[in-house]
Amino acid sequence: MTAAPAFGSQDPYLGGNYAPIDTEIVAHDLPVIGQIPRDLAGVYVRNGSNPRFAPKGRYHWFDGDGMLHAVHFEDGRASYRNRWIRTEGLAAELEAGHALWTGLLEPPDVKNPRGPYKDTGNTDLVWFRGELLALWYMSGKARIVRLPDLETRGEERFGGTLPRCISAHPKVDPRTGEMIFFDYQPLPPFLTYGVISPDGRVVHYEDMGATQPTFQHDVAITPNYSVLFDFSLRWDDELLRRGKRRIVFQRDRPTRFGVVPRYGKAADVRWFEGNPCFIYHTINAWEEDGAIVMLGCKTENPLAADPYNPPKRRAAPELGHLRLEPIFYRWRFDLRTGATQEEPLDDVVSEFPRMDNRRLGEKTRFSYHGRFEDAPVMRFDAMLKYDADTAGAKVHPYPPGWYGGEPVFAPRVGSTGEDDGYVVTFVANEATGESECRVIDARHPEHEPVARVRIPQRVPTGYHTWWVSADELAAQRV
Ligand SMILES: [Fe+2]
């Protein structure tokens with residue numbers, strides 16, 4: 003059955019497969035079309051927005067309470083479960099029986115005694131030193147989630163060494179085990195940056211000197227450097243001084259890329275200028291011949307309803323104030339000359355890119371993206387596997403009416419090759435509500451899926467994913 007628009011809302015991000023669900027279930031030994039490979043062992047977890055109560059004011063897809071969906075692969079069998087992330091905000095709203103916070107599209111409710119924003123933990127996941135952490139896109143808590151039951155086990159404070167909060171998309175260096183993170187806030191210091199040691203203590207923490215709240219959503223790392231952003235998409239300075247907020251795209255202002263040594267301060271940042279743009283997600287970065295190469299998904303004209311730049315396509319997805327036309331892109335920041343070289347690697351619109359995280363910070367070829375349908379709402383109608391060396395793509399289209407989300411790369415047990423493994427993603431049929439977890443051969447994504455695991459409830463479209471291998475699961479600390 004098609005999901006009815008939630009809460010009677012006409013908002014497209016509360017209807018179709020964006021409509022939230024209100025059940026938490028566990029199901030074992032799921033029916034499978036095809037066969038689950040025995041060398042796929044671990045848990046695929048996905049975070050996402052799933053509002054429990056009708057929104058107070060206008061709704062933005064980023065506002066919903068965090069809900070996790072997970073498929074555990076073991077011995078050729080699969081089980082599924084889903085759970086809300088137990089945040090203080092959700093607990094308070096359950097107690098009240100209705101929403102207590104307004105969302106992103108409303109002015110910050112500074113009179114709210116619980117604070118103007120609800121930290122939903124709904125955005126990202128990262129495995130760090132034996133714990134799965136759920137993170138929010140803004141400055142929030144790192145919440146420990148236990149596997150496989152998805153129970154929220156409180157907040158990771160890193161032994162009391164984390165001065166403030168942490169934003170989504172920290173990066174774990176697979177060589178050193180350090181976690182490189184940033185945090186952006188509406189109040190100064192607007193952007194902080196830091197490093198957490200492999201034994202879980204914040205060992206570096208700096209105010210990076212941003213002069214207004216930033217739109218930094220991600221960070222890229224190499225073995226020696228991190229890349230921060232100062233986008234042409236920013237708040238109108240004049241209005242900001244008067245306490246008002248409007249997002250502007252300053253198309254005559256270059257986007258700046260801040261290359262900072264891993265343990266650097268604001269004064270150590272080297273700024274590289276690039277074409278005006280906005281980036282939600284980077285893919286990878288590495289050092290090569292005295293330069294830093296970075297891959298990511300770049301949107302050239304990120305403002306919705308921008309009279310200067312109509313969408314390039316018939317229809318481009320919009321989300322809040324932003325238009326999303328991201329394409330696969332490569333930058334090269336020359337550390338000797340200070341010059342930036344940049345080029346698109348495709349003209350197809352795709353986002354939520356993932357790679358083989360065992361290789362984060364070293365040169366990689368392959369990334370896995372969700373391709374956008376030409377529609378005003380984000381719908382991923384295929385999975386693309388890109389090869390950055392050849393700028394070629396292999397396409398894994400979903401059947402008509404079925405849409406996916408962020409694909410994760412799950413290495414085959416014992417594998418070392420970059421694409422030696424599987425791509426795993428949830429897909430759902432928007433008309434019928436049927437949902438599946440697809441297991442795709444990463445080397446041959448153009449083939450039919452190796453396995454289609456039938457999920458006994460609808461899995462709404464969500465955000466970021468993580469693959470926790472069986473070995474990591476066995477070493478879980480919580
Ligand atoms: Fe993100």
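Counting from 3, one number per residue, gives the positions in the sequence shown under my numbering. C-beta: ideal position from N, C-alpha, C; glycine also. Please read all numbers here as calculations on a predicted model, not as lab measurements.
H71 Cβ short of 8 angstroms to ligand 1 heavy atom set: Set against 8 angstroms, the gap from the CB of H71 to the closest heavy atom of ligand 1 is not smaller.
N- and C-terminal bounds of the alpha helix (DSSP H) containing R243: 239-243
Three or more C-beta pairs below 8 angstroms linking the stretch 465-477 and the stretch 45-55: yes
Residues surrounding ligand 1 [beta-carbon distance to nearest heavy atom under 7 angstroms]: That gives T125, D126, Y139, A170, H171, H219, D220, Y282, H283, Y465, H466.
Rounded separation between Y20 and R83 - CA only: 18 angstroms
Buried or exposed (CB count within 10 angstroms, at least 16 for buried), K173: buried
Cβ-based neighbour list, G91, same chain, cut-off 8 angstroms, excluding 5 preceding and 5 following: D67, L102, W103, R116, K120, D121, T122
DSSP three-state assignment for F335, whether helix, strand or coil: strand
Burial state of P312 (16 or more Cβ within 10 Å): exposed
Pair within 9 angstroms by beta-carbon distance, F160 and G132: no
Minimum C-alpha distance to E364 - residue among I223, A93, H371: A check of alpha carbon separations from E364 across I223, A93, H371 identifies I223 as the nearest.
C-alpha gap between G179 and F9, whole angstroms: 44 angstroms
Three CB pairs or more closer than 8 angstroms across the stretch 430-438 and the stretch 51-66: no
Residues near W237 in its chain [Cβ-Cβ closer than 8 angstroms; skip 5 each side]: Q214, P215, R247, R248, I249, V250
Straight-line Cα distance separating A393 from S369: 11 angstroms
Cα-Cα separation between L135 and V128, rounded to whole angstroms: 5 angstroms
Identified DSSP bridge partners for Y424: A412, D443, per the DSSP bridge assignment.
Whether C279 touches S352 by CB criterion (9 angstroms): no
F251 - partner residues in DSSP beta bridges: L235
Per DSSP, the bridge partner or partners of C299: As DSSP reads the structure, C299 sits in a beta bridge with F330.
Three-state secondary structure assigned by DSSP to D383: strand
Rounded Cβ spacing between M181 and F130 (contact assumed at less than 8 angstroms): Distance from M181 to F130 at the Cβ level is roughly 5 angstroms; contact confirmed, criterion being Cβ atoms closer than 8 angstroms.
Residues of its chain near Q218, where Cβ-Cβ distance is below 7 angstroms and the 5 sequence neighbours each way are ignored: F184, Y186, L193, L230, F231
DSSP beta-bridge partners of S352: R373
Beta-carbon separation (whole angstroms), S169 vs Y139, contact threshold 8 angstroms: 7 angstroms
Cα-Cα separation, G105 to P39: 42 angstroms
Cβ-based burial, P402 [other Cβ within 10 Å; buried from 16]: exposed
DSSP-derived helix/strand/coil call for A269: helix
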